[in-house]
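Below: one structure, written as structure tokens.
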Amino acid sequence: MWEYYVNDLREVLRRHRIARRMTQAQLGRAIKVSGSLIAAIEQGRLIPQPETAVRLDEFFGTEDEIQQAAVEARQDARPPWLRPWTEHEERATLLRWWEPLLLPGLLQTEEYARAVLRGGWLSDEVVDRTIDVRRDRRAVTIDRPQPPRISALIGEFALTCGEPEVRREQLKHLLDLSQRPTVQVLVVPRSAGLHRGLQGAFVLATLPAGRRAGYVDDQLQGRVVTDSGDLDQLEVSWEIVSGLALPVHTSRDLIQKAINDHD
97 MWEYYVNDLR EVLRRHRIAR RMTQAQLGRA IKVSGSLIAA IEQGRLIPQP ETAVRLDEFF
157 GTEDEIQQAA VEARQDARPP WLRPWTEHEE RATLLRWWEP LLLPGLLQTE EYARAVLRGG
217 WLSDEVVDRT IDVRRDRRAV TIDRPQPPRI SALIGEFALT CGEPEVRREQ LKHLLDLSQR
277 PTVQVLVVPR SAGLHRGLQG AFVLATLPAG RRAGYVDDQL QGRVVTDSGD LDQLEVSWEI
337 VSGLALPVHT SRDLIQKAIN DHD
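Residue 316 in my numbering sits at position 220 of the sequence shown; the count goes up by one each step and never skips.
Below, the structure is given as structure tokens:
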């Protein structure tokens, strides 16, 4: 479904480890991580987090070679069509997200995201890399020191889907996020009936200097929207859907009720 490109990070790490005549377990102990994590990096299943890459460079005395290889691998792990949008995400001051059927990607727990991705019959390797990319996107958006404001409109249907335990933990996470001053979560009830928003999910990003960008997803890949006319149409859709949403506190009560119904 999605195609990924991994650079020579695996070979860089393997080459330096073998030169030291170390096993993966020994290297893991030396930098205070598990041997299985080293194995996952060498197999291309994981990309080291920045602090792990720093420790590897310090241990091998390789300046920033592994750090740079990790950065390139992380860039490569994003599908080509997604890269322009993640750059907008990192610069956005406001993200307005509408999801009729699922919870917004940046607000998902990893277990919920894995359940969604595995439901698409993706390989474990693709799922792991997609989760890595999602984690990095979250780190530079909602978890950064000065995060953008996020206004998420969610269809009530999304509160009821998934395995009970995964769904319960996801809804608790969503409720916690909604308490942040920069995150607003509004639920569009089933009673809203048929409306324009049911044509599909989208995101609107407000960028510095008053610029805008949008993102529309489909079954094949996402599409970045920059045409002013198309953005105006998404703005209209946003206004329609947001007008159907429940107020903040009522939305929180509905999320809490969905949690309680499965406790």
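Just so it is clear, CB atoms sit at the ideal spot from N, CA and C, and this is done for glycine as well.
* To do: Can you check DSSP and say which residues form a bridge with W194?
  => According to DSSP, W194 shares a beta bridge with L249, F298.
* Given a threshold of 16 other Cβ atoms within 10 Å of its Cβ, counted over all protein chains shown, does S132 qualify as buried or as exposed? -> Around the beta carbon of S132, fewer than 16 other beta carbons sit within 10 angstroms, so the residue counts as exposed.
* Straight-line Cα distance separating L178 from G318 -> One C-alpha to the other measures close to 7 Å.
* Asked: In angstroms, rounded to a whole number, what distance separates the CA positions of E186 and R192?
  -> CA-CA distance, E186 to R192, rounds to 14 Å.
* Which class does V129 belong to by DSSP, given the choice of helix, strand or coil? -> Coil, per DSSP.
* Quick one, are the C-beta atoms of V279 and S347 less than 8 Å apart? -> No, the pair does not count as a contact, with Cβ atoms beyond the cut-off.
* If I'm right that L327 touches A188 with Cβ under 8 Å, what's the distance once you round it to whole angstroms? => Contact between L327 and A188 does not hold, since the beta-carbon distance rounds to 14 Å and is not under 8 Å.
* To do: Going by CA-CA distance only, name the one from R308, L218, G339 that's closest to G325.
  => When only C-alpha atoms are compared, the closest one is R308.
* Starting from the Cα of E206, find the closest Cα among V150, L330, H269, E168 and give me that residue. => Comparing Cα positions, the closest option is H269.
* Asked: Helix or strand or just coil, what does DSSP make of L178?
  -> The three-state reading of DSSP puts L178 in coil, since its state is none of H, G, I, E or B.
* **For G310, the first and last residue of its enclosing beta strand (DSSP E)** => Counting along the chain, the beta strand (DSSP E) containing G310 begins and ends at 308-312.
* Are the stretch 115-127 and the stretch 150-158 touching, with three or more C-beta to C-beta distances below 8 Å? -> Below 8 Å, enough C-beta pairs join the stretch 115-127 and the stretch 150-158 to call them touching: three or more.
* Supposed contact pair I250 and E335 - C-beta distance, whole angstroms, cut 8 Å -> The distance from the Cβ of E335 to that of I250 is about 17 Å, inconsistent with a contact at the 8 Å cut-off.
* To do: Answer with buried or exposed for S219, where buried requires no fewer than 16 other C-beta atoms within 10 angstroms of its C-beta.
  => Taking all protein chains in view, the Cβ of S219 is surrounded by fewer than 16 other Cβ atoms within 10 Å, so the residue is classified as exposed.
* Asked: Which stretch, first to last residue, makes up the alpha helix (DSSP H) that contains R360?
  -> One cannot answer for residue 360 here, as it falls past the ends of the chain, which runs 97 to 359.
* Asked: Do G360 and A211 have their C-beta atoms closer together than 8 Å?
  -> What is shown of the chain runs 97 to 359, which leaves residue 360 out entirely.
* **Under the three-state DSSP convention, the category R43 falls into** => Only positions 97 to 359 of the chain appear in this structure, which leaves residue 43 out of reach.
* Would you decide whether M97 is buried or exposed? Buried here means 16 or more other CB atoms lie within 10 Å of its CB. => Annotation note: pLDDT 31 at M97 (below 50); position unreliable, no value reported.
* Asked: Which two residues bound the contiguous alpha helix (DSSP H) that contains L282?
  -> Not the alpha helix (DSSP H): L282 falls in the beta strand (DSSP E), residues 279-284.
* **Buried or exposed by the 16-neighbour rule on C-beta atoms within 10 Å, applied to P200** => It counts as buried.
* **Simplified DSSP state of R319, which is helix, strand or coil** => DSSP places R319 in strand when its eight states are reduced to three.
* With a Cβ-Cβ cutoff of 8 Å, do P144 and A121 count as a contact? -> No; because the gap between Cβ atoms is not below 8 Å, this pair is not in contact.
* Asked: Assuming L271 and I351 make a contact with CB atoms under 8 Å, what is their CB distance in whole Å?
  -> Between I351 and L271 the Cβ distance is about 5 Å, and since that is below 8 Å, they are a contact.
* 8 Å CB neighbourhood of I137 in its chain, flanking five on each side removed -> Hits under 8 Å: L105, R106, L109, I143, P144.
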